[in-house]
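K.L.:
My questions will all concern the structure given below.
2 protein chains.
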Amino acid sequence: MSEQNQEVGDNEIHSEVLGNESRRKFLGTTAVATLAGAGLAMGLSACKKEAQTTAVGKASEAGGDASRAVTHGEFDVPPGKLDAYYSFSSSGHNGEVRIYGVPSGRILKRVPIFNIDPMVGWGITNESKAIMGTNPDGSLKYITGDTHHVHGSYTDGTYDSKYLWTNDKLNNRLARIRMDRMECDVITQIPNVQGFHGIFPDKRDPVDASINHTTRVFCGAEFATPQPNDGRDATDPTKWFSLFTCVDAESMQVRWQVKVDGNMDLVATSYDGKLAATNQYNTENGATLADMMSVERDACLFFNIERVEAAIKAGKTFTIGTSKVPVVDGTKEANKDPKTALTCYVPVPKNPHGVNISPDGKYFVCSGKLSPTASVVATELVHQWFAGELKDPRDAVVAEPEIGLGPLHTGFDGKGNAFTTLFLDSQIVKWNVEKAIAQFKGDKSVQPVQDRIDVHYQPGHGYTSMGETKEADGKFYNSGNKFSKDRFLPVGPLHVETEQLIDITGDKMRLIHDHTAYPEPHDAIIVRADVVKTKQVSDMNDFPNAVKSFSDSRIERSGKKVTVYLTSQAPNFSMQEIKVKLGDEVTMVLTNHDKVEDLTHGFGIENYNVNFIVNPQETHSVTFKADKAGLFWIYCTHFCHALHLEMRSRFVVEA
Amino acid sequence: MSEQNQEVGDNEIHSEVLGNESRRKFLGTTAVATLAGAGLAMGLSACKKEAQTTAVGKASEAGGDASRAVTHGEFDVPPGKLDAYYSFSSSGHNGEVRIYGVPSGRILKRVPIFNIDPMVGWGITNESKAIMGTNPDGSLKYITGDTHHVHGSYTDGTYDSKYLWTNDKLNNRLARIRMDRMECDVITQIPNVQGFHGIFPDKRDPVDASINHTTRVFCGAEFATPQPNDGRDATDPTKWFSLFTCVDAESMQVRWQVKVDGNMDLVATSYDGKLAATNQYNTENGATLADMMSVERDACLFFNIERVEAAIKAGKTFTIGTSKVPVVDGTKEANKDPKTALTCYVPVPKNPHGVNISPDGKYFVCSGKLSPTASVVATELVHQWFAGELKDPRDAVVAEPEIGLGPLHTGFDGKGNAFTTLFLDSQIVKWNVEKAIAQFKGDKSVQPVQDRIDVHYQPGHGYTSMGETKEADGKFYNSGNKFSKDRFLPVGPLHVETEQLIDITGDKMRLIHDHTAYPEPHDAIIVRADVVKTKQVSDMNDFPNAVKSFSDSRIERSGKKVTVYLTSQAPNFSMQEIKVKLGDEVTMVLTNHDKVEDLTHGFGIENYNVNFIVNPQETHSVTFKADKAGLFWIYCTHFCHALHLEMRSRFVVEA
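Dropping the structure here:
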């Protein structure tokens, strides 16, 4: 209790008034104090000296610092001008992926994935339902999802604009987005895991040098469960474990899984294709908070992909329950000999929450909210450990600078600097990696921390433009903040969240603007606009059920099953009236014959809960029961043309 | 065919190159040419002279006009500053309502209405499903909707921040949003109609002067159908008709309906509470395009609310099918005597598409895409017609200025000027109402049109700040455009749409910026920020199923039905483990005991397709079948607190 008071007191002493807002007071009472109050003060106590230094050191920097001033218009994207970057962002438990323009912050598209979108017809058309997965009665298996990460496919160490992947932490699925159309094309259920959180594609093959592009996607799972999880061992946590999963980037089939100690958050991959990494908390495999805190350090866990796949080839595998996916043992206990180990547990301070690799491929940076440090792990030294040339995995840590309270995720500018979100300090800290290494080696004259900037409030993920590729350009940094407090007009009980865009080109970071984000965004990537290649008009032949000519329009009946083949061309559907009988199972197949870019039509049936769109040259279908007799107008729901309102047809259900 | 070529030719002659875009060419080939090609050239032919004048007259205005220049930063909302206005916007067939900040264009909230939102749990919780409506098996009746209009409740002629209403054109429902929480609280199914398009609340009672606030919401329906629509008369259009509906603003029960001729789009109401208006197309009641075009004019239709309600009281009603709603006859044929008429059909040029009332209450402006004019109908003269003092309803038209091609919707600045979207010209035209009246009276020296500005492209709705209240302030105008073409980075086959914000304080309109809008926005209102009063923390007592203390946490079983009473307080749920049996029907009731603003928790169950949020002091519940045995982690899906990731519980289903 005195600990908690002390903590709050310190925060209030250092409180700065920014405008009219007592920012530190807010932070003191919600984040730091509650953390201390919850009995997790140990990590904080250790870092309190640093915290004070940080806060004091910062006071002079905050407020009216002219070098941080952004000129009005400097980052404007005026009417008619295009953004320089795309940002592909997760949406948390909204279940979608969002595409933003950077620096404007404009939302260019919502890509429905695990949610239903009646605008597009996602979750309504037969085609989207087949991707999402259905129950035997044809209803959707899931209508919820929780996307935390979005990452793109690589060729030669940078984005190739082919695919994006995103995770579902809630129902444990991996989804792929084809980037030419910016639509989800496959969703894969990951077996044997819960809390599927981190993902990252590999960047090249670990063995075959000619495969210099993404062929695997790695998936980290957070929650340990009984295995198999069919009712057994539900009260015996010693039998629970979680798994690291590899999915084939093309077929989207699950290739293999690795049994691990502890819980995984994020995933990162090396540029040489040989390593995948994940931050591990609760390496004790504890089921209660006390058990989870019993050892001094957790780990940044590395997978030797070549060895894992060799072990699988050699049949050193087991399977879990009804799942056919081969599993290998990656636990610490089973991988004590570096020369044969599949995994390497590099000790880092407790409860790391993020792992990111530098654009030069040399360092993995791992940190978490309980220590005020970032651990820098050298890729080369991890390789040396696997080669039996490094005694202790901890020796792979080449720096551990104190950077501030609650460090979570790190982005890079490609110029040797790292930018880490400080969750508890509500700041972004810029620090130099080589300086941190020099300091760690004993040089007391160097100061790794280069700059700090306040964000509003409590940043989770942060990421830089092209920062997860070898083309990191050091232009923009985005801070995804968990609370906006009073930064925007109130809209009732739930405030919108914030994305703050920061200019990182100079020595000092400059806040460009606050964007709003419908809850709950997590991670994202920022991709140069010229990298992204999209297709504005589809090929009719890509749709196997296309109604290829107007004269193919017809109604076919097979017992109670009726299939209606329709076409659209502005401002008409090919049939003015469609007659069926009460009780029929009706399938409507609609091909849009318009060829002009963006000449999309909507297909809505009054009172029949049907709506979807068909973009030019596309085909979609819906199946439903004709369970109401009467006349039901069909209308074009998506503005298409001067005579859009006149674009109608009639669905007649005879009693 | 030569007509079409001629039209395209004209457009190309007048084409202007704005930047690198051949804007006129785009318009020529998609909008004007297709309209002509589809055989609807008659209206256009009539207005061609005007079109040429317009285009030529405009050429000098477009491009580098210094008086239109917006200074960088002039309309910026820098980090930490609040917007001056809210915009409440429809979303078309996405089914939601959106709240934007103006002038920033930031999206402050999505309000799920007719769609499912797994973030909030809309369509997932029992409480939201009860509002949305379910089938006997508990599944949602509809998961699609098409919102076109959003309007707020009035007191003394301006917004009172109590309610918003929005329509569903697809499944014919009226939804209400309570503005303190910005959440939908009631959805009412409108019987006997299809294509429910326009809505407007009344502004005061037509009789009782003490009721100076909204008590009714009027609903216009576009599509005529057989009545009752149970399979009869499906091929006999002469028996089809549509209905104008009145819903009680408080109870949300349907009060009455009026049978009308033709099809209705928008609705507007007078400031004196006595009149509701709707624009009518197809007053011929035709079923084919040729039939719909057989008479010279359509109508702006006025309802005498006092008389309609007196007729209902007097029992001069009928009902339709199984609906119990009293219906009166408002057709032209049945309302020939002005002194007893319930309705007044004021003739206006064919196919009007919008009707809006001026902030002084004096004029209704009605226009549509087939005539280059806006018809100004004097409120006072409509009253005179109902009093038997005006011979011909057409005499209520006091002006009909030629304003440009494809006029649709009109906003007002409260200073005597009207701003109309020109769909075909892709412009906003500013014109002076009194000057238009003077011109109509014969004064050839006045020029009603004051200014034009290009928008990009094909504007539908346009609206001004506070423009639908007596507090219209003439600050901002928003143009909702149907096509963005190449104004934003491409995102595959479907481009995002645009909202363009225009400064209307000066003589010349100035384009402030382009915002993106996820398809398909239609109408909106712009409300001064100080008018809107929201509540950030709910009252636990407003939730009848609240679990009011931690010690009330429990599991109750009745046969196979299990109810789990849970509470949350950061960073814990009140039970660490919840055990049920395979096959149980489980209801989880969760009350959030946190009291701090925005300390919202999410409740997700792994692989069980359950997610919803509970804001501080709120209670929500879900019911589902425990159909999988095993251990399923429950986790907080909405970032709440420093120990958010640790906020977990376990759902154990025993085999």
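Residue numbers (this note's numbering), protein chains in the order written: chain A, 7 to 661; chain B, 7 to 661.
A virtual CB, placed ideally from N, CA and C, is assigned to each residue, including glycine.
#1: Is F324 (chain A) buried or exposed, if buried means 16 or more other CB atoms sit within 10 Å of its CB?
#2: Closer than 6 Å by C-beta to D239 (chain B): which residues in its own chain qualify, once you throw out the five before and the five after it? Chain order, please.
#3: Give the residues of chain A in contact with L495 (chain B), contact being defined as C-beta atoms less than 8 Å apart.
#4: Taking the beta carbon of H521 (chain B) as the centre, do at least 16 other beta carbons fall within 10 Å, making it buried, or is it exposed?
#5: With C-beta atoms as the reference, is S96 (chain A) less than 8 Å away from T150 (chain A)?
#6: With distances taken from CA atoms, which of B:R104, B:V108, B:G101 and B:E102 is nearest H534 (chain B)?
#7: Ordered along the chain, which non-local residues of its own chain (more than five positions away) have a Cβ less than 6 Å from that of D166 (chain A)?
#8: Shorter than 8 Å from the beta carbon of K541 (chain A) to some beta carbon of chain B?
#9: Does V616 (chain A) come within less than 8 Å of chain E when only Cβ atoms are used?
#10: I'd like the list of long-range same chain contacts for T625 (chain A), defined as Cβ closer than 6 Å, with 5 residues on each side in sequence excluded.
#11: Please classify H389 (chain A): does DSSP put it in a helix, a strand, or coil?
#12: In chain order, what residues of the region 233-259 of chain B put their CB closer than 7 Å to some CB of chain A?
#13: Does DSSP put T323 (chain A) in a helix, in a strand, or in coil?
#14: Taking contact to mean 3 or more Cβ pairs, one atom from each stretch, closer than 8 Å, check whether the region 388-400 of chain B and the region 440-457 of chain B are in contact.
#15: Secondary structure at A296 (chain B), three-state DSSP: helix, strand or coil?
#16: Determine, using beta carbons only, whether F482 (chain A) and I434 (chain A) come nearer to each other than 8 Å.
#17: Pop quiz: K342 (chain A) and R303 (chain A) are said to be a contact at Cβ under 8 Å. What is the actual Cβ separation, rounded to whole angstroms?
#18: Using CA coordinates, which residue listed in B:G321, B:Y91, B:Q456 and B:S432 is at the minimum distance from A442 (chain B)?
#19: List in chain order: all unbroken beta strand (DSSP E) runs of 3+ residues lying wholly within the region 449-523 of chain B.
#20: Is it the case that the Cβ atoms of F429 (chain B) and G466 (chain B) are separated by a distance below 8 Å?
#21: Mind checking whether H99 (chain A) and P577 (chain B) have CB atoms under 8 Å apart?
#22: Could you check the C-alpha separation between I640 (chain B) and M270 (chain A) for me, to the nearest Å?
#23: May I have the straight-line CA-CA distance separating K488 (chain A) from G410 (chain A), to the nearest angstrom?
#24: Which bits of chain B does D600 (chain A) rub up against, with CB to CB less than 8 Å?
#25: Using a 10 Å radius around the Cβ and a threshold of 16 neighbouring Cβ atoms, would you call L33 (chain B) buried or exposed?
#26: If we define contact as Cβ-Cβ less than 8 Å, is M188 (chain A) a contact residue for chain B?
#27: With three or more beta-carbon pairs closer than 8 Å as the criterion, would you say the region 573-593 of chain B touches the region 643-657 of chain B?
#28: Using CA coordinates, which residue listed in B:V538, B:V126, B:L170 and B:D71 is at the minimum distance from N621 (chain B)?
#29: For F392 (chain A) and P212 (chain A), what's the separation of their Cα atoms in angstroms?
#30: Going by beta-carbon coordinates alone, are V371 (chain B) and A380 (chain B) separated by less than 8 Å?
#31: Report all residues from its chain with a CB closer than 7 Å to the CB of G636 (chain B); omit the five preceding and five following residues, and keep chain order.
#32: Closer than 8 Å, CB to CB, is F370 (chain A) near chain B or not?
#33: So, with DSSP's three-state summary, where would you put H650 (chain B)?
#34: Can you check whether the C-beta of I1 (chain B) is within less than 8 Å of a C-beta belonging to chain A?
#35: Suppose you measure from the CA of A293 (chain A) to the CA of Q286 (chain A); what does that come to, to the nearest Å?
#36: With which residues is V620 (chain B) paired in a DSSP beta bridge?
P.N.:
With the structure as the only source:
#1: Your numbering for residue 324 (chain A) matches position 318 in the first sequence. Under this definition F324 (chain A) is an exposed residue.
#2: On the second sequence, position 233 is the one that residue 239 (chain B) refers to. Excluding residues within five positions, the ones whose Cβ falls inside 6 Å are P232 and K245.
#3: Looking up residue 495 (chain B) in the second sequence gives position 489. Within chain A, the residues near L495 (chain B) are L88, D89, Y92, G107, L114, A535 and V538.
#4: The residue given as residue 521 (chain B) occupies position 515 in the second sequence. Answer is buried; the Cβ neighbour count reaches 16.
#5: Here residue 96 (chain A) corresponds to residue number 90 of the first sequence, with the count starting at 1. Here residue 150 (chain A) corresponds to residue number 144 of the first sequence, with the count starting at 1. Contact: no.
#6: Indexing the second sequence from 1 puts residue 534 (chain B) at position 528. As written in the sequence, residue 534 (chain B) is Arg, which differs from the His given in the question. Nearest option by C-alpha distance: B:V108.
#7: To locate residue 166 (chain A), count along the first sequence from 1; it is residue 160. Here the set comprises S159.
#8: Taking the first residue of the first sequence as position 1, residue 541 (chain A) is located at position 535. True, the Cβ-Cβ gap to chain B drops below 8 Å.
#9: This model lacks chain E altogether, as its protein chains are A and B.
#10: Along the first sequence, one-based indexing puts residue 625 (chain A) at 619. Taken in chain order, the residues that qualify are F549, N551, A552 and T597.
#11: Within the first sequence, residue 389 (chain A) is the residue found at index 383, counting from 1. Helix at H389 (chain A).
#12: N235, D236, G237 and A240
#13: Reading the first sequence from its first residue, position 317 is the one you call residue 323 (chain A). It is coil, neither helix nor strand.
#14: no
#15: Working through the second sequence from its first residue, we reach residue 296 (chain B) at position 290. Residue state, collapsed to three classes: helix.
#16: Position 476 of the first sequence holds residue 482 (chain A). Position 428 of the first sequence holds residue 434 (chain A). Cβ atoms of F482 (chain A) and I434 (chain A): not closer than 8 Å.
#17: Indexing the first sequence from 1 puts residue 342 (chain A) at position 336. Indexing the first sequence from 1 puts residue 303 (chain A) at position 297. No, K342 (chain A) and R303 (chain A) are not in contact; Cβ-Cβ is about 17 Å, not under 8 Å.
#18: Position 436 of the second sequence, counting from 1, holds the residue named residue 442 (chain B). The option with the nearest alpha carbon to A442 (chain B) is B:Q456.
#19: 455-460, 465-470, 482-487, 503-509 and 516-523
#20: As a position in the second sequence, residue 429 (chain B) is number 423, starting the count at 1. As a position in the second sequence, residue 466 (chain B) is number 460, starting the count at 1. Yes, the Cβ-Cβ distance between F429 (chain B) and G466 (chain B) is below 8 Å.
#21: Translated into the one-based positions of the first sequence, residue 99 (chain A) becomes position 93. Translated into the one-based positions of the second sequence, residue 577 (chain B) becomes position 571. Against a cut-off of 8 Å, the Cβ pair of P577 (chain B) and H99 (chain A) comes out as no contact.
#22: Residue 640 (chain B) sits at position 634 when you count from the first residue of the second sequence. Residue 270 (chain A) sits at position 264 when you count from the first residue of the first sequence. Approximately 17 Å, taken between the alpha carbons.
#23: For this step, residue 488 (chain A) is matched to residue 482 along the first sequence. For this step, residue 410 (chain A) is matched to residue 404 along the first sequence. Taking the straight line joining both Cα atoms gives about 18 Å.
#24: Taking the first residue of the first sequence as 1, we reach residue 600 (chain A) at position 594. Residues of chain B passing the Cβ test: none, with the nearest at roughly 10 Å.
#25: On the second sequence, position 27 is the one that residue 33 (chain B) refers to. Residue confidence for L33 (chain B) is low, a pLDDT of 42 falling below 50, so the modelled location carries little weight and cannot support an answer.
#26: Numbered from 1 along the first sequence, position 182 holds the residue referred to as residue 188 (chain A). It does: the Cβ of M188 (chain A) has a partner Cβ on chain B nearer than 8 Å.
#27: yes
#28: One-based indexing of the second sequence puts residue 621 (chain B) at position 615. Of B:V538, B:V126, B:L170 and B:D71, the residue nearest in Cα terms is B:V126.
#29: Counting from 1 along the first sequence, the entry for residue 392 (chain A) is found at position 386. Counting from 1 along the first sequence, the entry for residue 212 (chain A) is found at position 206. Taking the straight line joining both Cα atoms gives about 14 Å.
#30: Within the second sequence, the letter at position 365 stands for residue 371 (chain B). Within the second sequence, the letter at position 374 stands for residue 380 (chain B). For V371 (chain B) and A380 (chain B), yes; Cβs fall inside 8 Å.
#31: One-based indexing of the second sequence puts residue 636 (chain B) at position 630. Within the same chain, G636 (chain B) has close Cβ partners V659.
#32: Counting from one through the first sequence, the residue named residue 370 (chain A) turns up at place 364. Not an interface residue.
#33: Position 644 of the second sequence holds residue 650 (chain B). In this structure, H650 (chain B) counts as helix in the three-state DSSP scheme.
#34: Since the displayed chain B opens at 7 and closes at 661, residue 1 (chain B) lies outside it and no answer follows.
#35: Residue numbering aside, residue 293 (chain A) sits at position 287 when the first sequence is read from its first letter. Residue numbering aside, residue 286 (chain A) sits at position 280 when the first sequence is read from its first letter. Answer to the nearest angstrom: the Cα atoms are 15 Å apart.
#36: For this step, residue 620 (chain B) is matched to residue 614 along the second sequence. Its beta-bridge partners are B:H607.
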